[in-house]
Every structure is written in C-alpha cells, then in structure tokens.
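There are 2 protein chains.
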Amino acid sequence: MDFRTLFKVTYGMYIVSSKKGDNINAQLSNTVVQISPDPATMLISISKNNYTHECIKESGVFTVSIISDRCEMTDIGPFGFRTGRNYDKFANCSYELGKNGAPYIKDKMCGYIECEVINSHDCCSHTVFIGRVTEAEILNHDLQPMTYDFYHKELKGKLSKNATHYHAEEK
Amino acid sequence: MDFRTLFKVTYGMYIVSSKKGDNINAQLSNTVVQISPDPATMLISISKNNYTHECIKESGVFTVSIISDRCEMTDIGPFGFRTGRNYDKFANCSYELGKNGAPYIKDKMCGYIECEVINSHDCCSHTVFIGRVTEAEILNHDLQPMTYDFYHKELKGKLSKNATHYHAEEK
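Keeping their order, the protein sequence lines are chains A and B. Read in order, the letters of the first sequence are residues 58 to 228 in my numbering. Read in order, the letters of the second sequence are residues 58 to 228 in my numbering.
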C-alpha cells in the first residue's frame, strides 16, 4: 500500500469557524465538501484536539470561509498550527459575525458558507460534522479559490499534525 | 443566499467503482475526501439513483480511481451520464480487479484507492459511504490529478443530474 496515493486527492483551502458562548474560534481546513444538493448539505472533518471541535459541538453551527489564491501565509497562518484557546486568532483580520453567530473572514476570501449541524459521525481522531447550508455569499467574484496543492507548492504551507492525512504523509 | 458560492468549493475528479455479484460498475464523482488519518478513512457521496449505489450497498466495497488531467472526455465520458445497469461502461477501457474485487481503471489514471465500507449515512438523495482504506497504489507518478474546475472549463464537462450540487447550479 502506497499512502502517497492519498495525496493525489484534490482539496481546497478553508477557514472553518464556530463559536462557544461569547468566544469565537477558527482553524485552517482542507476537508470541506458538499454531499447533497437539496437540502444543500456540507461536510467537514475536524480533529477532536482542536478548539474549533469543542465550539462546533457546543454551538451546533459552523462557517466555511473560502480562501482565495491571493492570500499569503501572513493572512491565513494565524488560523493554523496553534490553538485559539489562549490566542486571539482574529486580532489582525477583518471579520464579521454571520447569521449563525460564527465569524466569517472578509479579506481576500472568495465567499463563505454558514451551516447548522444536523448530524455528526465519530471517526477516531476526527469528527465528521454534517451541516445544512443556512447562508452562502460570494464576497469577491474575481477571486479564485486556493487549492491545497497551491498551498503546499506556492505558499510552502505545512501540514498540521491534526490534519486528516497527517499520518499518511509521515509514512 | 447565493448558491453559486457552493461552486467555489474545490474538488478533484474520480471514477468510483464497485461490484454486485459478478457484475462491476463505476461512475464519475467529484465528492471524495479523506476524513481521518489513522486508520486512513475515505468518504464518498453517491446518489441513490445510481447503480454504483446499489453495488456498494450490496458488496460493502468501493474503489476510487484518480483521474489525471491527461484524460479526454472520450476516456471518462462513458462512466457518467448513463447507467451501467444495461450498458457495459468498461467495454473500451483498460481495467483490473483490485484486491477488494472492484475494478480500478488503468489508463491515464494517477492511482487508485480501495476501501471497505465501515459506515454509511443517509443524506436524502445521496448516501455518504465511509470506507477504511485497504489498498492504495500510484499508477503513474508523472500524472497530475484532474480538478473539477479543469473538467468544467477545459473538457467542457457537464454536471450530472445526480451530482451532489446539481440543484445549486440550477438556482
């Protein structure tokens, strides 16, 4: 078995956010897909280690901000590789609270999708959250979504130890 | 709500195959993601209308062939837009049966991932199948995976009425 095959699967790059009481949090993710058309339903996979996981579990909502290829590591880096439990990831970014109460990022983002969790599935280190789309807006029609491939090759972005295929890369 | 936002999510292009007794079948899909690293777990979303759905339900296995950007519509077209119930989709393609008994496509493919279904989730028109990776091989290291964007823009590929975001495009 060649685990490198799993890296041939194509992904985009996203900031997945949620809230917990008065707190908000967000993290980088590549694992976002639409799984059904009507009602429109999105699926994300989040590491149980992450504070965002705790927030989604409690609030039952999440928002996906779609990162564009205009973003630099200075724009999106603060959302990865460290926990929002004791660090304000939003300190230097422009954001707004959406209708579901979770924040969406405004600068250099293609758009955002708000969801309400309708189901979840335990998957060892990760939980898959399935969300009904409650809001979706394009922020900039001229921007192209950033691919995971671009993130690695152009931005030299690293893999988080909580990524859905971290173990695969190690091998 | 602007449903066009959902088209800003990035996907690859795949042929998802399975078997039912002595029959094999396969279909085009863009909805393939890895959701956890250890054990490596993949997720696909398949329309209940599709014969592949019936095959996966019965056999409990599926294989993902990763389409490269060298493929033309003549290579991958036969796997979409018509049912394998009364048409042999494999007539003009080179394939082999994998260890799980489902076929993987050989020509112009980056590689393939074999899975054993460990869970499924009903999602209205679609079923999400979660599979443990049992085999994964790269067939050609020089090929680049085809993105869904490339499929639409370069190959002028159409959306199946059973796609996970068909309804969204209509709107």
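Cβ coordinates follow ideal geometry from the N, Cα and C atoms, glycine included.
Cβ separation of residue i and residue j, assumed to be a contact under 8 Å, to the nearest whole Å
| i | j | result |
| --- | --- | --- |
| C128(B) | K76(B) | Rounded, the Cβ-Cβ distance is 23 Å, inconsistent with contact. |
| F136(B) | K146(B) | 5 Å |
| I162(A) | N176(A) | Not quite, the Cβ-Cβ distance comes to about 26 Å (not below 8 Å), so this is no contact. |
| G214(A) | V174(A) | About 27 Å; that fails the 8 Å criterion. |
| I103(B) | G69(B) | Actually they do not touch by this definition, with Cβ atoms about 16 Å apart. |
| I133(B) | L196(B) | Wrong, their Cβ atoms sit about 15 Å apart, outside the cutoff. |
DSSP three-state assignment for residue i, whether helix, strand or coil
| i | result |
| --- | --- |
| Y169(A) | strand |
| K228(B) | The predicted model places K228(B) with a pLDDT of 46, which falls under 50 and marks its position as unreliable, so this point remains unresolved. |
| T62(B) | helix |
| T67(B) | coil |
| H198(B) | coil |
| G158(A) | coil |
| F119(A) | strand |
| P94(A) | strand |
| D132(B) | helix |
| K210(A) | helix |
| K105(A) | coil |
| Y152(A) | strand |
Per-residue burial, residue i [other beta carbons within 10 Å of its own, 16 or more giving buried]
| i | result |
| --- | --- |
| N143(B) | exposed |
| A220(A) | buried |
| N157(B) | buried |
| G141(A) | buried |
| S151(B) | exposed |
| N149(A) | exposed |
| C181(A) | exposed |
| K210(B) | exposed |
| D234(A) | Look at the range of chain A in this structure, 58 to 228, and you will see that residue 234(A) is not part of it. |
| D199(B) | exposed |
| T88(A) | buried |
| D79(B) | exposed |
| T131(A) | exposed |
| K218(A) | exposed |
| P160(B) | buried |
| K228(B) | Bear in mind that a pLDDT of 46 at K228(B), under 50, signals an unreliable position, so the number given afterwards is only what the model happens to contain. K228(B) should be labelled exposed. |
Reference residue i; option with closest CA among the options
| i | options | result |
| --- | --- | --- |
| K165(A) | M203(A), V118(A) and Q84(A) | M203(A) |
| G168(A) | V73(A), E115(A) and N80(A) | V73(A) |
| V185(A) | I92(A), K146(A) and G137(A) | I92(A) |
| D59(A) | E171(B), L85(B), P160(B) and L63(B) | E171(B) |
| K105(B) | Y108(A), P94(A) and N107(A) | P94(A) |
| F207(B) | D199(B), S125(B), H198(B) and C180(B) | S125(B) |
| T120(A) | E211(B), I81(B), T62(B) and H183(B) | T62(B) |
| G155(B) | Q201(B), H178(B) and V190(B) | V190(B) |
| M99(A) | Y205(A), Y71(A), K65(A) and H222(A) | Y71(A) |
| H110(B) | A83(B), L216(B) and A97(B) | A83(B) |
| E192(B) | A97(B), K65(B), H183(B) and V90(B) | A97(B) |
| E194(B) | E115(B), I101(B), T67(B) and E153(B) | E153(B) |
| H183(A) | K65(A), E115(A), Y223(A) and F64(A) | Y223(A) |
- Message: What are the residues in the segment 111-130 of chain A lying within 7 Å of chain B by C-beta distance?
- Response: Going along the segment 111-130 of chain A in chain order, one finds I123 with a Cβ nearer than 7 Å to chain B.
- What residues in the segment 62-93 of chain A bring their beta carbon closer than 7 Å to a beta carbon of chain B? Residues passing the 7 Å Cβ filter: T62, L63, K65, V66, T67, Y68, G69, T88, V89, V90, Q91, I92 and S93.
- Taking a Cβ distance cut-off of 8 Å, strictly less, list which residues of the segment 133-167 of chain A are near chain B, in chain order. Result list: C167.
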